[in-house]
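Engineer: Using the numbering used here, you'd call the opening residue of the sequence shown number 29 and step up by one each time.
Ideal placement from N, C-alpha and C gives every residue a C-beta, glycine not left out.
Owing to the predicted nature of the structure, the values given are computational and were not obtained by experimental measurement.
One structure, pasted below without further comment.
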Amino acid sequence: MKYDFKINTSIQNAHTVVLQHIRPETTVLEFGTATGYMTEYMFKELKCEVYGVEIEESAATVASAFTVDMEIGDVESLTWATKFKDIKFDHIIFVDVLEHLKDPWRVLKIAVEFLKEEGTLITSIPNISNNAVIMELLSGRFEYKTLGLLDNTHLRFFTKSSILELYEHAGLQPIEWYATYMMPEQTEFKQSYENYPLVRDFLQQRTEGEVYQYITVGKKSKDAGKLNQGMIEQRYRLSNYYLQLFWSANEEFTEYDSAHLPLHIDGSTITYDVPLPLNNEINKLRLDPISELALIKLSEIYLIETVCDNENGTPSYIQKWSNENNFEGCHFYNLVNFGGREPLISLNNDPYIILNPTTKIKKIKHIF
């Protein structure tokens, strides 16, 4: 579950842009639900009927609580096409999915057949022609990462023009086109124009050079042709700051068993809520509050049962770390902890906290 977090509509990112284009009380087919962070929002806030497709069983189990029906399996196996063959959808969404497929052209073309008349298909796809990637190539590097533009699970790479070709092949016409932007130093590559003086001006003048991700809203070409307006384009600047939570049944942590949450940094106190796999034995947690040098104000960390057993429906707290108990049981690494209510100071770009829960976990809630 590489891409997993709670929806915060106050933060403008690819996921919230997609959700802004889902009409309330409609029927939605969501590919790649993960643990259901978007699914839950559509189900609870928009009152949508959501059908899901997710390859990872543990994630699908969590997300299925917010779906009418869930197909667990590989998108490219097309078992979902058989399962949902009698359903037409108002919206079909592929967020961070198509780049992971061997043949996204085939999958998208088949998915279009499940759209209602006037229905929309929405995709979010990273931009491989980002200037930071070009800078990496100029440095002789093309190294896969655990996340981002060169995610090590990406099988296909797209630019704006190749996304347009993908849509055309599927019989889709883009009607709205959005781009999220990052400066090279904000990306996972930490590049800078100053390091490439000979091509700096050329790179900075590239219209799409700082695009990190494209969000595209499309209709069937025959339906889009009825529109009198031109394609809408809009751009959003992104922050690359994120929090990461790892879980493990032993002493090892992997990127696969982790969740990322975009950080909303404005000086206020923010609550982050991370659902964990229900069918995994979890004995240890690692919390990376940020991947930068920073002052970190940590207030409380709670372990909370997903299912509430008490009469008033309030959460059942398993364990709590806070200023009240001086975060007893938390082990701080690459962080200076002065105790009390003083901020933590990260010593490098990899500060983290190890937590040893006293019981099996179903859900963790932490507050900054």
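Taking the alpha-carbon positions, what's the A160 to L183 distance?
Structural biologist: Residue mapping note: residue 160 aligns to position 132 of the sequence shown, counting from 1. Residue mapping note: residue 183 aligns to position 155 of the sequence shown, counting from 1. Cα to Cα, A160 sits roughly 19 angstroms from L183.
Engineer: According to DSSP, simplified to helix, strand and coil, what is C336?
Structural biologist: Within the sequence shown, the letter at position 308 stands for residue 336. Residue placement at C336 is poorly supported in this model, since its pLDDT is 48, which falls under 50; the coordinates still yield a value, given next. Of the three classes helix, strand and coil, the one that applies to C336 here is coil, per DSSP.
Engineer: Is it true that the stretch 79–87 meets the stretch 151–158, where meeting means three or more beta-carbon pairs spaced less than 8 angstroms apart?
Structural biologist: no
Engineer: If I follow the unbroken alpha helix (DSSP H) through P132, where does it start and stop?
Structural biologist: Within the sequence shown, the letter at position 104 stands for residue 132. Looking at the DSSP string, the run of the alpha helix (DSSP H) that includes P132 is 132–140.
Engineer: Name the DSSP bridge partner or partners of W275?
Structural biologist: Position 247 of the sequence shown, counting from 1, holds the residue named residue 275. Beta-bridge pairing links W275 to L313.
Engineer: I'd like the list of long-range same chain contacts for A277, defined as Cβ closer than 7 angstroms, with 5 residues on each side in sequence excluded.
Structural biologist: Position 249 of the sequence shown, counted from the start, is the residue given in the question as residue 277. Only N308, E309, I310, N311 meet the Cβ criterion.
Engineer: Residues in the same chain with beta-carbon distance under 6 angstroms from E53, minus the five sequence neighbours each way, listed in chain order, please.
Structural biologist: Within the sequence shown, residue 53 is the residue found at index 25, counting from 1. Result list for E53: K75, in chain order.
Engineer: Would you check if the stretch 59–73 and the stretch 88–104 touch, i.e. whether three or more CB-CB distances between them fall below 8 angstroms?
Structural biologist: Contact between the stretch 88–104 and the stretch 59–73 is present, because at least three Cβ pairs lie under 8 angstroms.
Engineer: Give me the Cα-Cα distance between L17 and Y221, rounded to the nearest whole angstrom.
Structural biologist: Here the chain comprises residues numbered 29 to 396, so residue 17 is not present and cannot be evaluated.
Engineer: Sort I318, W108, P132 by Cα distance to Y195 and report the nearest one.
Structural biologist: Against the sequence shown, residue 195 aligns to sequence position 167. It is P132.
Engineer: Assess, as a yes-or-no matter, whether the stretch 134–142 is touched by the stretch 93–110 under the definition of 3 or more beta carbon pairs within less than 8 angstroms.
Structural biologist: yes
Engineer: Less than 8 angstroms separating the beta-carbons of I121 and E58?
Structural biologist: Taking the sequence shown and counting its residues from 1, the one referred to as residue 121 is at position 93. Taking the sequence shown and counting its residues from 1, the one referred to as residue 58 is at position 30. Yes, they are a contact pair.
Engineer: If you draw a straight line from the C-alpha of E171 to the C-alpha of M163, how long is it?
Structural biologist: Indexing the sequence shown from 1 puts residue 171 at position 143. Indexing the sequence shown from 1 puts residue 163 at position 135. About 12 angstroms.
Engineer: Buried or exposed: which applies to S286, given that a residue is buried once 16 or more other Cβ atoms fall within 10 Å of its Cβ?
Structural biologist: On the sequence shown, residue 286 is found 258 positions in, with the first residue counted as 1. When all chains shown are included, S286 counts as buried.
Engineer: Could you tell me the boundaries of the beta strand (DSSP E) in which F366 lies?
Structural biologist: As a working note, residue 366 is residue 338 in the sequence shown. Unbroken run through F366: none, as it is neither H nor E.
Engineer: Between which two residues does the beta strand (DSSP E) holding I156 run?
Structural biologist: Taking the sequence shown and counting its residues from 1, one reaches residue 156 at position 128. No beta strand (DSSP E) holds I156; DSSP gives it neither H nor E.
Engineer: Bridge partners for P202 per DSSP, in chain order?
Structural biologist: What you label residue 202 is simply residue 174 of the sequence shown in a count that begins at 1. Within the DSSP bridge table, the entry for P202 names G246 as partners.
Engineer: If you run the structure through DSSP and keep just helix, strand and coil, what is H49?
Structural biologist: For the purposes of this step, residue 49 is identified with residue 21 of the sequence shown, where counting begins at 1. It is coil, neither helix nor strand.
Engineer: Given this structure, state the Cα-to-Cα distance separating N351 from E328, to the nearest angstrom.
Structural biologist: The residue you call residue 351 lines up with position 323 of the sequence shown. The residue you call residue 328 lines up with position 300 of the sequence shown. Cα-Cα distance, rounded: 7 angstroms.
Engineer: Between D378 and E141, what straight-line distance do the alpha-carbon atoms span, to the nearest angstrom?
Structural biologist: Position 350 of the sequence shown, counted from the first residue, corresponds to residue 378. Position 113 of the sequence shown, counted from the first residue, corresponds to residue 141. Straight across, the Cα-Cα distance linking D378 with E141 is about 46 angstroms.
Engineer: Rounded to the nearest angstrom, what separates K325 and I298 at their Cα positions?
Structural biologist: One-based indexing of the sequence shown puts residue 325 at position 297. One-based indexing of the sequence shown puts residue 298 at position 270. Computed Cα separation, rounded: 10 angstroms.
Engineer: Just the Cα atoms here: how many angstroms apart are T282 and K218?
Structural biologist: For this step, residue 282 is matched to residue 254 along the sequence shown. For this step, residue 218 is matched to residue 190 along the sequence shown. Those two C-alpha atoms are separated by around 22 angstroms.
Engineer: Tell me which residues share the same chain as I318 and place their Cβ nearer than 8 angstroms to its Cβ, disregarding the 5 neighbours each side in the sequence.
Structural biologist: On the sequence shown, residue 318 is found 290 positions in, with the first residue counted as 1. Take I318, set aside five residues on each side of it, and the residues of its chain with a beta-carbon closer than 8 angstroms to its own are Y269, Y270, L271, L291, I324, S374, P379, in chain order.
Engineer: How should H43 be labelled, buried or exposed, when 16 other C-beta atoms within 10 angstroms of its C-beta is the threshold for buried?
Structural biologist: One-based indexing of the sequence shown puts residue 43 at position 15. H43 comes out buried.
Engineer: Which residues in the same chain have their Cβ closer than 8 angstroms to the Cβ of F112, if we skip the five residues on either side of it in sequence?
Structural biologist: Within the sequence shown, the letter at position 84 stands for residue 112. In chain order, L57, Y79, D97, E99, F142 place their CB closer than 8 angstroms to the CB of F112, counting only its own chain and leaving out the 5 sequence neighbours on each side.
Engineer: If you reduce the DSSP assignment to three classes, tell me which class D229 lands in.
Structural biologist: Your numbering for residue 229 matches position 201 in the sequence shown. Three-state DSSP puts D229 in a helix.
Engineer: Which residues mark the beginning and the end of the beta strand (DSSP E) in which T55 is found?
Structural biologist: Mapped onto the sequence shown, residue 55 falls at position 27. Note, T55: beta strand (DSSP E), 55–59.
Engineer: Using the Cα positions of K144 and Y240, report the straight-line distance between them to the nearest angstrom.
Structural biologist: In the sequence shown, the residue the question calls residue 144 occupies position 116. In the sequence shown, the residue the question calls residue 240 occupies position 212. The alpha-carbon atoms of K144 and Y240 are separated by roughly 30 angstroms.
Engineer: DSSP on D97, reduced to helix/strand/coil?
Structural biologist: Here residue 97 refers to the residue found at position 69 when the sequence shown is read from its first residue. Note: D97 maps to strand in three-state DSSP.
Engineer: Return yes when the Cβ of T55 is within less than 8 angstroms of the Cβ of F117, no when it is not.
Structural biologist: Walking along the sequence shown from the start, residue 117 turns up at place 89. Walking along the sequence shown from the start, residue 55 turns up at place 27. Closer than 8 angstroms, so yes.
Engineer: For the alpha helix (DSSP H) that contains Y69, what are its first and last residues?
Structural biologist: Working through the sequence shown from its first residue, we reach residue 69 at position 41. From DSSP, the alpha helix (DSSP H) with Y69 extends over 65–72.
Engineer: Would you report the Cα separation of V364 and G176, rounded to the nearest angstrom?
Structural biologist: Walking along the sequence shown from the start, residue 364 turns up at place 336. Walking along the sequence shown from the start, residue 176 turns up at place 148. It is roughly 29 angstroms from the alpha-carbon of V364 to the alpha-carbon of G176.
Engineer: Assuming G246 and Q201 are in contact, meaning their beta carbons sit under 8 angstroms apart, how far apart are those beta carbons, in whole angstroms?
Structural biologist: As a working note, residue 246 is residue 218 in the sequence shown. As a working note, residue 201 is residue 173 in the sequence shown. Right, the Cβ-Cβ distance comes to about 6 angstroms (below 8 angstroms), so this counts as a contact.
Engineer: Kindly indicate which three-state DSSP category D32 falls into: helix, strand or coil?
Structural biologist: As a first step, residue 32 is located in the sequence shown; it is residue number 4 there, counting from the start. Bear in mind that a pLDDT of 46 at D32, under 50, signals an unreliable position, so the model cannot answer this.
Engineer: Please report the straight-line C-alpha distance between D337 and L289, rounded to a whole angstrom.
Structural biologist: Taking the first residue of the sequence shown as position 1, residue 337 is located at position 309. Taking the first residue of the sequence shown as position 1, residue 289 is located at position 261. Note that D337 has pLDDT 48, beneath the 50 cutoff, so the model's placement of it is unreliable and the number below is only indicative. When rounded, the distance between both Cα atoms is 28 angstroms.
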